[in-house]
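Residue numbers (this note's numbering), protein chains in the order written: chain C, 14 to 224; chain A, 23 to 409.
Every residue, glycine too, gets a C-beta built ideally from N, C-alpha and C.
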Amino acid sequence: MAAIKYTKEVIEHFKNPKNVGEIENPDGDAIVGSPACGDQVSVSLKVKDNKIEDIKFLSYGCASNIATGSIVTELAKGKTVDEAKKLTWKDAADKLGGLPPVKVHCSVLAVDGLKAAIEDYEGKKLGVKHEKRLDEQSIIEELKSVIYPKTGNNIIDEKLVKYLKYENGKVEIEISFDETDVYKQNVLEEIDEHLNEMDGIDDIEVKVVEY
Amino acid sequence: MDKIIYLDNYRTTKTSDYVIKKMKPYMEENFYLSVSFTHMGTDIAEAIDESTERIKKAFNALDAEIIYTGSGTQANNMVIQGVMRDEQPEEASMITSVIDHPSINNVFDFYRKKGFQVRKIKVDEYGFWRTDQLKEAINEKTKLVSITLVNHTIGTIQKYGELKKIIREANPKTLIHLDITTAVMTQKIDFKELDADFLTLSGHKIYGPKGIGLIVAKKPVKMKPVLFGTVVTSPYSPGADNVPGIVGLSYAVEDAVNKREAHNAKMKELQKYLMQQIEEKIDKVELNGPVDERATDNINYSFRHIEGESIMMFLDFDSIVVATGSACASSDLKVNYILSAIGRDHEMAHGSLRITLGRDTTKEDLDVFIEALIPIVERLRAQSTIK
């Protein structure tokens with residue numbers, strides 16, 4: 014694999030990140046990721062008149078993680094809550110002049126963090142409940158946040174998941190990888206991490222089919 | 023651009039001017055290959071023979087067979103695959119450790135997949151082989167044990183003598199493969215004394231050229247060829263010889279061996295200095311690997327609460343080159359398997375820096391490095407989610 018280079022926008026936001034810190038008495042905050050997966054981001058925000066008045070982030074992570082935290086908070090600042098909710102990883106990546114596919118995993122966290130902080134705000138201040146029903150469709154939705162580092166697409170759109178069944182708290186998944194795929198372990202760990210976060214799943218069985 | 027401070031000598035070294043000078047004629051007027059009955063061709067054959075003798079002498083391996091390869095990785099592959107070539111899964115087993123280089127580890131994985139009994143010995147918290155596991159794993163079926171003398175990440179010098187004794191006593195027929203790639207610069211390499219069946223190494227880690235590796239094999243050579251083609255210099259490495267590479271490698275080996283003691287003393291002093299500086303000036307750091315029985319040119323620290331790729335990149339902005347064990351900086355996003363094997367948690371593994379010293383490293387370089395590192399660690403900690 015060729016050596017990876019960041020764009021000058023990524024480097025600039027990595028060197029001089031905007032909105033670093035924590036807001037005291039925030040209206041919403043969240044922490045996503047874990048040192049185990051390599052990165053962690055926290056986002057805290059203040060909302061006034063349904064607009065994001067102030068937003069800050071902290072990051073334990075690599076340059077793409079820090080740069081995305083910086084750009085996502087910049088993009089969200091001043092937007093209405095509903096507008097901010099619609100921000101995507103792609104919006105952030107485009108603003109940064111692109112991100113290497115292998116770095117999607119690290120950089121998507123800032124976007125997840127923003128969404129989680131907004132959900133926290135909605136839950137606390139507005140009483141909105143984000144209840145998730147658990148079925149095969151919602152599991153597939155969750156697996157859409159597992160990124161295949163080689164291409165930057167999620168593992169569902171990448172059609173790596175060949176079979177999925179949910180019954181009595183048990184998820185069975187069949188996933189296919191090429192024999193030489195270096196990302197296999199990484200993807201498996203990510204699947205585990207995501208499914209473990211979902212309430213109602215007691216048992217996860219992932220079968221790897223190599224071809 | 024500022025002067026580059028290069029502290030990644032375990033990744034590769036700069037080919038020395040001395041070696042380049044020795045290689046140059048074989049890229050210019052003496053560009054031919056080893057061919058019988060011609061002046062040009064026999065001159066080349068002689069140059070290869072002289073190189074081989076130079077290496078044998080340097081390693082006290084006068085009776086050994088010298089086989090040139092395309093790299094250290096190829097050397098390890100040729101030995102392991104050459105030994106295992108005609109073996110059947112139910113009749114042969116093989117042993118290495120969980121912290122060996124991928125050019126050993128991944129070949130063993132391949133044989134495991136083919137059904138061979140492959141045992142990877144666990145290591146203690148400093149990276150030393152667990153001898154109890156080795157004793158228990160070795161049996162009459164054990165065909166090969168691959169050992170790396172100096173670990174490429176944490177600098178652990180294996181207690182090779184002890185391991186060899188266990189292996190030879192348990193099964194005298196078991197072949198020992200010793201990878202000395204990261205050991206040549208600082209460890210005494212005496213082939214007779216080491217009494218391994220195979221040594222492997224690479225040119226570019228010892229101020230030689232890239233694209234050349236070496237197998238030193240005890241005679242009779244107990245492996246089969248895995249590459250086929252026109253045999254010129256050795257049946258194990260058919261095809262056109264990398265003549266400049268062979269010549270360059272031989273001088274690099276000789277030079278490393280001749281200068282080893284002085285080099286080692288200098289490395290030891292620099293290592294001690296940098297370790298003191300880091301531990302004195304930065305808090306929440308932990309040394310990975312042993313304090314003693316550690317190669318003098320290797321330093322590896324984990325910096326709590328921050329991630330290594332970020333540290334590495336900020337150092338890079340200051341023209342300082344180091345390596346990190348962070349998954350973020352690896353192409354496959356996997357947590358560093360060596361740091362995991364010695365019991366480091368994810369945060370510690372991600373926050374690790376490998377600083378490897380070389381011939382050109384000065385105390386002033388280390389001062390510049392440490393002065394650059396302190397504010398980087400501070401700023402990254404200030405913006406980290408982990409406190």
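(1) Does residue 408/A come within less than 8 angstroms of chain C when only Cβ atoms are used?
(2) Given that a residue counts as buried once 16 or more other Cβ atoms are within 10 Å of its Cβ, and exposed if not, what is residue 61/A?
(3) Can you find at least 3 beta carbon pairs, one from the segment 211-219 of chain C and one from the segment 40-48 of chain A, that sit closer than 8 angstroms?
(4) Residues of chain C with CB under 7 angstroms from residue 349/A, in chain order?
(5) Is the shortest distance between the beta-carbon of residue 328/A and the beta-carbons of chain C less than 8 angstroms?
(6) Quick check: what's the CA-CA separation for residue 48/C versus residue 155/C?
(7) To which residues does DSSP link residue 352/A through a beta bridge?
(8) Would residue 378/A and residue 32/A be called neighbours here (beta carbons separated by less than 8 angstroms)?
(9) Do we get a CB-CB distance below 8 angstroms when we pair residue 134/C with the residues of chain A?
(10) Of all Cβ atoms in chain A, is any one closer than 8 angstroms to the Cβ of residue 222/C?
(11) According to DSSP, simplified to helix, strand and coil, what is residue 117/C?
(12) So, using beta-carbon positions, are residue 374/A and residue 75/C closer together than 8 angstroms?
(13) Using 8 angstroms as the Cβ pair cut-off and three pairs as the minimum, do the segment 278-295 of chain A and the segment 207-220 of chain A touch?
(14) If you draw a straight line from the C-alpha of residue 236/A to the C-alpha of residue 77/A, how long is it?
(15) May I ask you to list the residues that DSSP assigns as paired with residue 73/C?
(16) So, at 6 angstroms on beta carbons, what are the nonlocal neighbours of residue 122/A in its own chain, with the 5 sequence-adjacent residues on each side left out?
(17) Taking 7 angstroms as the limit between beta carbons, can you name the residues of its chain near residue 111/A, skipping five residues before and five after?
(18) How many angstroms separate the CA atom of residue 199/A from the CA atom of residue 100/C?
(19) Within the continuous alpha helix (DSSP H) that includes residue 65/A, where are the two ends?
(20) Which of the residues in the segment 27-47 of chain C, read from start to end, lie with their CB under 9 angstroms from any CB of chain A?
(21) Give the interface partners of residue 136/A over in chain C, defined as CB-CB distance under 9 angstroms, in chain order.
(22) Round the Cβ separation of residue 68/C and residue 26/C to the nearest angstrom and send it over; I've been treating them as touching at under 8 angstroms.
(23) Are the C-beta atoms of residue 79/C and some chain A residue less than 8 angstroms apart?
(24) Is residue 139/A helix, strand or coil when you go by DSSP?
(25) Show which residues of chain A have a CB atom less than 8 angstroms away from the CB atom of residue 74/C.
(26) Out of 21/C, 71/C, 37/C and 60/C, state which residue places its alpha-carbon closest to the alpha-carbon of residue 31/C.
(27) For residue 45/C and residue 206/C, what's the separation of their Cα atoms in angstroms?
(28) Find the nearest neighbour of residue 267/A within the set 228/A, 282/A and 279/A, judged by alpha-carbon distance.
(29) What alpha helix (DSSP H) runs, 4 residues minimum, are completely inside the segment 291-376 of chain A?
(30) Determine whether the Cβ of residue 173/C lies closer than 8 angstroms to any Cβ atom of chain A.
(31) When you compare the segment 104-118 of chain A with the segment 235-250 of chain A, are there three or more beta-carbon pairs, one atom per stretch, that lie closer than 8 angstroms?
(32) Keeping to the same chain, check which residues put their C-beta closer than 7 angstroms to that of residue 128/C; ignore five residues upstream and five downstream.
(33) Output yes or no for whether 8 angstroms exceeds the beta carbon distance between residue 408/A and residue 53/C.
(34) Going along the segment 153-172 of chain C in order, which residues come within less than 8 angstroms of chain A, judged by CB to CB distance?
(35) Looking at C-beta atoms only, is the number of pairs between the segment 44-57 of chain A and the segment 268-278 of chain A that lie closer than 8 angstroms three or more?
(36) I need the DSSP call for residue 68/C, collapsed to helix, strand or coil.
Let's see:
(1) In the second sequence, counting from the first residue as 1, residue 408/A sits at position 386. Interface with chain C (8 angstroms Cβ-Cβ cutoff): residue 408/A is included.
(2) Looking up residue 61/A in the second sequence gives position 39. Answer is exposed; the Cβ neighbour count stays below 16.
(3) no
(4) Taking the first residue of the second sequence as 1, we reach residue 349/A at position 327. Per Cβ cutoff of 7 angstroms: 51.
(5) One-based indexing of the second sequence puts residue 328/A at position 306. So, interface residue.
(6) In the first sequence, the residue the question calls residue 48/C occupies position 35. In the first sequence, the residue the question calls residue 155/C occupies position 142. One C-alpha to the other measures close to 20 angstroms.
(7) On the second sequence, residue 352/A is found 330 positions in, with the first residue counted as 1. Its beta-bridge partners do not exist; DSSP assigns none.
(8) Taking the first residue of the second sequence as 1, we reach residue 378/A at position 356. Taking the first residue of the second sequence as 1, we reach residue 32/A at position 10. Yes; because the gap between Cβ atoms is below 8 angstroms, this pair is in contact.
(9) Against the first sequence, residue 134/C aligns to sequence position 121. Answer no: the Cβ-Cβ gap between residue 134/C and chain A never drops below 8 angstroms.
(10) Along the first sequence, read from residue 1 onward, the residue named residue 222/C stands at position 209. It does not: the Cβ of residue 222/C has no partner Cβ on chain A nearer than 8 angstroms.
(11) Sequence index remark: in the first sequence, residue 117/C carries index 104 (1-based). Of the three classes helix, strand and coil, the one that applies to residue 117/C here is helix, per DSSP.
(12) Walking along the second sequence from the start, residue 374/A turns up at place 352. Walking along the first sequence from the start, residue 75/C turns up at place 62. No, the pair does not count as a contact, with Cβ atoms beyond the cut-off.
(13) yes
(14) Taking the second sequence and counting its residues from 1, one reaches residue 236/A at position 214. Taking the second sequence and counting its residues from 1, one reaches residue 77/A at position 55. Rounded to whole angstroms, residue 236/A to residue 77/A spans 10 angstroms at the Cα level.
(15) Taking the first residue of the first sequence as 1, we reach residue 73/C at position 60. Answer by DSSP bridge pairing, in chain order: 53/C.
(16) To locate residue 122/A, count along the second sequence from 1; it is residue 100. Within the same chain, residue 122/A has close Cβ partners 170.
(17) For this step, residue 111/A is matched to residue 89 along the second sequence. Excluding positions up to five away in sequence, the list reads 136, 137 and 138.
(18) Walking along the second sequence from the start, residue 199/A turns up at place 177. Walking along the first sequence from the start, residue 100/C turns up at place 87. A direct Cα-Cα distance of roughly 55 angstroms separates residue 199/A from residue 100/C.
(19) The sequence position of residue 65/A within the second sequence is 43, counting from 1. Where residue 65/A is concerned, the enclosing alpha helix (DSSP H) stretches over 61-80.
(20) For the segment 27-47 of chain C, which is checked against every Cβ of chain A, the residues closer than 9 angstroms are 27, 28, 30, 33, 34, 44, 46 and 47.
(21) Residue numbering aside, residue 136/A sits at position 114 when the second sequence is read from its first letter. Within 9 angstroms Cβ-Cβ: nothing; residue 136/A doesn't reach chain C, min ~13 angstroms.
(22) Taking the first sequence and counting its residues from 1, one reaches residue 68/C at position 55. Taking the first sequence and counting its residues from 1, one reaches residue 26/C at position 13. 15 angstroms between Cβ atoms; not a contact.
(23) The residue given as residue 79/C occupies position 66 in the first sequence. It does: the Cβ of residue 79/C has a partner Cβ on chain A nearer than 8 angstroms.
(24) Your numbering for residue 139/A matches position 117 in the second sequence. Here residue 139/A sits in strand by DSSP.
(25) Along the first sequence, read from residue 1 onward, the residue named residue 74/C stands at position 61. The contacting residues are 329, 332 and 350.
(26) Against the first sequence, residue 31/C aligns to sequence position 18. Here the closest residue by C-alpha is 71/C.
(27) The residue given as residue 45/C occupies position 32 in the first sequence. The residue given as residue 206/C occupies position 193 in the first sequence. C-alpha separation (whole angstroms): 12 angstroms.
(28) Within the second sequence, the letter at position 245 stands for residue 267/A. Considering only alpha carbons, the answer is 228/A.
(29) 330-339, 359-363 and 368-372
(30) The residue you call residue 173/C lines up with position 160 of the first sequence. Not closer than 8 angstroms to any Cβ of chain A, the Cβ of residue 173/C fails to qualify, so no.
(31) yes
(32) Position 115 of the first sequence, counting from 1, holds the residue named residue 128/C. Answer for residue 128/C: 98, listed in chain order.
(33) Here residue 408/A refers to the residue found at position 386 of the second sequence. Here residue 53/C refers to the residue found at position 40 of the first sequence. A contact, by the Cβ cut-off of 8 angstroms.
(34) 162
(35) Output reads yes: the segment 268-278 of chain A touches the segment 44-57 of chain A.
(36) Sequence index remark: in the first sequence, residue 68/C carries index 55 (1-based). Three-state result, residue 68/C: strand.
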